[in-house]
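Step one of this worksheet: look at the structure below.
Number of protein chains: 2
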Amino acid sequence: MICSSPLALAPAPSTWRPAPRAESGSGRGTRTLTIRPKYGDQACNVEVHYLCCGAPGAPTVIVQGGISATRNVVAQDGDAVPGWWQSLVGDGRAVDLERYRVLSIDWVTPQELGASSVSSEDQADLLAALLLELGIGRAHCFVGSSYGAMVGLALAARHALAVDRLVLLAGAHRAHPLATAQRAIQRDIVRLGRACGRVDEALGLARQLAMTTYRGSEEFARRFGGAPVYHDDRFHFPVEDYLQHQGRQFVERFDPERFLALSESIDLHDVAPERVTATATLVGFSSDRLVPLADMCELQRRLCGPATLTVIDSPYGHDGFLKETEQLAPLLREAVA
Amino acid sequence: MICSSPLALAPAPSTWRPAPRAESGSGRGTRTLTIRPKYGDQACNVEVHYLCCGAPGAPTVIVQGGISATRNVVAQDGDAVPGWWQSLVGDGRAVDLERYRVLSIDWVTPQELGASSVSSEDQADLLAALLLELGIGRAHCFVGSSYGAMVGLALAARHALAVDRLVLLAGAHRAHPLATAQRAIQRDIVRLGRACGRVDEALGLARQLAMTTYRGSEEFARRFGGAPVYHDDRFHFPVEDYLQHQGRQFVERFDPERFLALSESIDLHDVAPERVTATATLVGFSSDRLVPLADMCELQRRLCGPATLTVIDSPYGHDGFLKETEQLAPLLREAVA
Chain A
1 MICSSPLALA PAPSTWRPAP RAESGSGRGT RTLTIRPKYG DQACNVEVHY LCCGAPGAPT
61 VIVQGGISAT RNVVAQDGDA VPGWWQSLVG DGRAVDLERY RVLSIDWVTP QELGASSVSS
121 EDQADLLAAL LLELGIGRAH CFVGSSYGAM VGLALAARHA LAVDRLVLLA GAHRAHPLAT
181 AQRAIQRDIV RLGRACGRVD EALGLARQLA MTTYRGSEEF ARRFGGAPVY HDDRFHFPVE
241 DYLQHQGRQF VERFDPERFL ALSESIDLHD VAPERVTATA TLVGFSSDRL VPLADMCELQ
301 RRLCGPATLT VIDSPYGHDG FLKETEQLAP LLREAVA
Chain B
1 MICSSPLALA PAPSTWRPAP RAESGSGRGT RTLTIRPKYG DQACNVEVHY LCCGAPGAPT
61 VIVQGGISAT RNVVAQDGDA VPGWWQSLVG DGRAVDLERY RVLSIDWVTP QELGASSVSS
121 EDQADLLAAL LLELGIGRAH CFVGSSYGAM VGLALAARHA LAVDRLVLLA GAHRAHPLAT
181 AQRAIQRDIV RLGRACGRVD EALGLARQLA MTTYRGSEEF ARRFGGAPVY HDDRFHFPVE
241 DYLQHQGRQF VERFDPERFL ALSESIDLHD VAPERVTATA TLVGFSSDRL VPLADMCELQ
301 RRLCGPATLT VIDSPYGHDG FLKETEQLAP LLREAVA
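Below you can see the structure in the form of structure tokens.
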């Protein structure tokens with residue numbers, strides 16, 4: 001439930017341009033908001049870091065990604081790197097910044113909430129409070145992928161007036177128990193490493209395991225069929241180089257405690273689809289083993305408002321929402337409009 | 001590639017009886033055999049522990065299971081526990097001990113070979129040598145599941161005269177790169193634990209990860225959909241209890257170094273199907289994510305001798321060879337006959 005390879009998503013440097021400067025008062029910002037966290041004893045004040053950009057005064061589209069995604073959906077003036085959904089959000093793109101305003105937050109953690117755990121409902125409550133705080137009140141659309149889709153559902157279920165329509169990619173009303181098993185093991189790896197004073201190594205290993213759940217089986221077969229190489233006293237298989245690289249990259253940008261909390265938050269997520277009345281466009285990926293199509297189908301069936309499910313044929317598994325730009329663009333454009 | 005729950009396979013105590021005493025000279029035994037290991041410098045003598053039982057002088061059926069299986073395919077007089085394939089091997093069963101003699105070995109490790117790694121070819125060479133040593137010469141049939149299927153292919157490719165026909169369940173000519181990725185991570189977990197002095201805990205965790213690859217996705221959904229429980233300072237999900245139990249059981253009966261070597265042996269396995277001329281009956285399981293049907297199909301297509309592939313519809317994933325007794329029995333009976 002993580003942007004596994006944001007750099008791979010960046011358009012070639014020659015075609016990528018930062019989004020134009022947004023209206024004054026927008027861009028990146030921080031607001032202190034008050035919510036009562038699900039797993040805390042009392043109301044608390046939380047600093048929420050957001051990005052707001054696009055056409056001033058235009059309808060607002062909230063965009064949220066997986067647990068390792070940030071508010072940086074699109075790059076701003078002066079940013080050295082593109083945003084994690086740069087290919088789908090921007091001037092003239094599927095989520096058109098000449099027609100919409102895009103809002104996104106950094107996920108909060110239990111530490112920031114003074115709570116033992118953080119729920120998708122907490123993230124949703126913060127988004128609802130932020131909409132009020134920024135004077136937006138009601139979002140035109142919520143486009144959520146992976147954990148972002150879960151938070152979108154929680155927002156629509158708890159704050160029906162906060163959002164008109166939902167676009168939910170590769171995320172459902174609850175986690176699949178096999179995916180929960182895989183994440184529970186990732187968390188135990190991190191705990192083992194933490195107990196041994198080798199938490200970075202363990203976090204890298206947990207990320208490696210996560211990568212095996214994000215990408216499609218056929219993609220692994222196509223890319224990593226080569227012979228092993230013997231060095232440093234053992235055989236190394238081609239897929240190990242790839243996984244270790246992914247693990248190292250993740251450790252550089254992610255904190256173990258943040259990982260434990262947000263990974264757990266996915267598994268704690270449980271929203272009754274019957275409570276959601278917003279119009280919903282669901283998007284699943286054929287090779288997604290983490291969020292199986294059966295769960296997306298159940299969600300579509302149980303939602304209270306009008307809901308459609310589109311299945312995108314993709315070899316990229318759960319990471320389809322980061323990789324299938326061409327198939328997603330027209331779908332997203334229509335769903336948001 | 002492991003018998004994940006041998007005890008679950010045991011028939012009810014009221015119906016289970018030990019196999020009748022076999023002819024003199026059979027039963028469990030040990031022979032010192034000489035092979036030249038693939039990853040060693042020189043020929044070496046290895047003690048091989050075998051089981052030989054069933055009808056004296058009858059055609060021999062070699063039966064080998066996954067990396068955690070032993071020679072104890074069926075229980076012998078005085079055994080306290082049933083064998084790991086008790087439901088399919090025995091008097092009047094699919095592999096009928098009144099008509100056949102069954103032979104099986106305990107897998108050898110690199111330590112026993114004086115080698116850096118152990119290959120499926122090494123195991124096959126030892127089986128070929130054992131057939132000669134016991135005066136059997138040529139086996140009527142080799143029934144291999146998971147890693148056992150890999151060793152069966154290696155035997156047929158290297159010693160065409162040693163075996164007439166193959167029955168290969170949930171195993172192919174090479175490991176799938178996604179499965180290799182999952183096993184490489186399991187091995188890295190064990191190495192991390194070993195480096196920290198917590199190897200048992202790590203081995204248990206590796207086994208938990210393996211379990212998520214053995215069983216079908218729908219089975220997880222059906223069994224572990226319940227709500228989490230908060231204790232010992234964190235939420236625990238129902239699937240975690242199951243996985244931890246499986247991990248603990250494995251640690252009690254398995255050695256970390258043995259695990260590392262046999263797990264690696266699966267990933268090193270690479271036999272050209274074109275070299276195999278024996279008649280082959282292949283059996284795949286619809287929900288097996290570790291050995292996908294596509295790989296069983298490729299094996300069937302590339303084998304040089306007559307080969308059929310039967311797909312068993314099962315929710316049990318890779319563990320179908322341990323769980324689908326009723327569907328396997330007629331298939332096995334016919335393939336062996």
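Chains as they are written, first to last, in our numbering: chain A, 1 to 337; chain B, 1 to 337.
Every residue, glycine too, gets a C-beta built ideally from N, C-alpha and C.
Just mark residue i as buried or exposed, buried being the case when its beta carbon has 16 or more other beta carbons within 10 Å.
i      : result
T109/B : buried
Q338/B : Only positions 1 to 337 of chain B appear in the structure, and residue 338/B is not among them; the question remains open.
T212/A : buried
L113/A : buried
V336/A : buried
A195/A : exposed
R223/B : exposed
R357/A : Beyond the ends of chain A as shown, which are 1 and 337, falls residue 357/A; an answer cannot be given.
Y214/A : buried
L268/A : buried
E23/A  : Residue placement at E23/A is flagged as unreliable, the pLDDT there being 40, under the threshold of 50; a coordinate-derived value is accordingly withheld.
A94/A  : buried
A80/A  : exposed
Q300/B : buried
D232/B : exposed
G78/A  : exposed
Between the Cα of residue i and the Cα atoms of the options, which residue gives the shortest distance?
i      : options                        : result
G204/B : F237/B, V167/B, A278/B, L260/B : L260/B
F321/A : G171/A, P37/A, G305/A          : G171/A
T70/A  : L293/A, Q86/A, G78/A           : Q86/A
C44/A  : H245/A, Y242/A, A115/A, I62/A  : A115/A
M150/B : F237/B, L331/B, R174/B         : R174/B
G284/B : S119/B, L168/B, L243/B         : L168/B
G89/B  : Q123/B, N72/B, E219/B          : Contrary to the premise, residue 89/B reads as Val rather than Gly in this sequence. Ranking Q123/B, N72/B, E219/B by Cα distance to V89/B puts N72/B first.
I105/A : A156/A, L126/A, V190/A         : L126/A
E252/B : H231/B, E334/B, Y242/B, R207/B : R207/B
Q42/A  : T310/A, E274/A, D313/A, D122/A : D122/A
Q186/B : L332/B, I62/B, I266/B, L331/B  : I266/B
T180/A : A221/B, A202/B, D232/B         : A221/B
S314/A : W84/A, L303/A, Q327/A          : Q327/A
L303/A : A124/A, Y242/A, F250/A, A157/A : A157/A
Give the interface partners of residue i over in chain B, defined as CB-CB distance under 9 Å, in chain order.
i      : result
Q182/A : L209, T212
G137/A : Near G137/A there are no residues of chain B at all, since even the closest Cβ is about 34 Å away, more than 9 Å.
Run down chain B in chain order and give the residues with a C-beta less than 8 Å from the C-beta of residue i.
i      : result
S314/A : Those within 8 Å of S314/A in chain B number zero; the least Cβ separation is about 16 Å.
P273/A : Per Cβ cutoff of 8 Å: no residues; P273/A is ~15 Å from chain B at best.
D122/A : What D122/A touches in chain B: nothing, since even the nearest Cβ is about 15 Å away.
S217/A : H176, L178, R289, P292
L205/A : I185, D188, I189, L192
So with CB distances below 7 Å, who are the chain A contacts of residue i?
i      : result
R198/B : L192, C196
S117/B : F235
E201/B : L192
S68/B  : Under the 7 Å cutoff, chain A gives no residues; its nearest Cβ is about 18 Å from S68/B.
E240/B : A184
F250/B : Under the 7 Å cutoff, chain A gives no residues; its nearest Cβ is about 14 Å from F250/B.
Please report the Cβ distance between residue i and residue j, rounded to the nearest whole angstrom; I am assuming they are in contact, meaning their Cβ atoms lie under 8 Å.
i      : j      : result
D349/A : H318/A : Look at the range of chain A in this structure, 1 to 337, and you will see that residue 349/A is not part of it.
Y100/A : P37/A  : Not a contact, Cβ separation roughly 30 Å.
G148/A : G29/A  : Going by Cβ atoms, the distance from G148/A to G29/A rounds to 20 Å, so no, they are not a contact pair.
L161/A : F142/A : Wrong, their Cβ atoms sit about 13 Å apart, outside the cutoff.
G305/B : A280/B : 6 Å
Y371/B : S119/B : For residue 371/B there is no data in the structure shown, the boundaries of chain B being 1 and 337.
C52/A  : L134/A : 7 Å
L209/A : E201/B : Contact doesn't hold; Cβ gap of about 16 Å is too wide.
L331/A : T310/A : 6 Å
Please tell me whether, using a cut-off of 6 Å, the distance from the CB of residue i to the nearest non-hydrogen atom of the ligand GTP is below it.
i      : result
L282/B : Judged by which ligands are present, the structure shown has none, so any question about the ligand GTP falls away.
I want to verify the contact list: residues of chain B whose CB lies under 7 Å from the CB of residue i, in sequence order.
i      : result
F224/A : P177
E264/A : F235
Residue i versus chain A: which residues are under 9 Å apart at the beta carbon?
i      : result
L332/B : Here the premise fails: no neighbours, minimum Cβ distance about 28 Å.
D267/B : P228, F235, F237
F254/B : Going along chain A, no residue has its Cβ under 9 Å from F254/B, so there is no contact; the nearest lies around 18 Å.
A221/B : H176, P177, L178, P292, A294, D295
Which bits of chain A does residue i rub up against, with CB to CB less than 8 Å?
i      : result
L243/B : A181, A184, I185
At 4 residues or longer, and completely inside the region 239-281 of chain B: list those alpha helix (DSSP H) runs for me, N to C.
Fully enclosed alpha helix (DSSP H) runs of 4 or longer: 256-268.
Scan the region 72-113 of chain A and note each continuous alpha helix (DSSP H) run of 4 residues or more that stays entirely inside, going in chain order.
Uninterrupted alpha helix (DSSP H) stretches at least 4 residues long and entirely within the region 72-113 of chain A occur at 110-113, given in chain order.
Length at least 3, wholly inside the region 101-189 of chain A: the beta strand (DSSP E) runs in chain order
Entirely contained in the region 101-189 of chain A, the beta strand (DSSP E) runs reaching 3 residues are, in chain order, 101-105, 139-145, 163-169.
Length-filtered (4 minimum) alpha helix (DSSP H) runs lying within the region 307-332 of chain B
Listed in chain order, they are 320-323.
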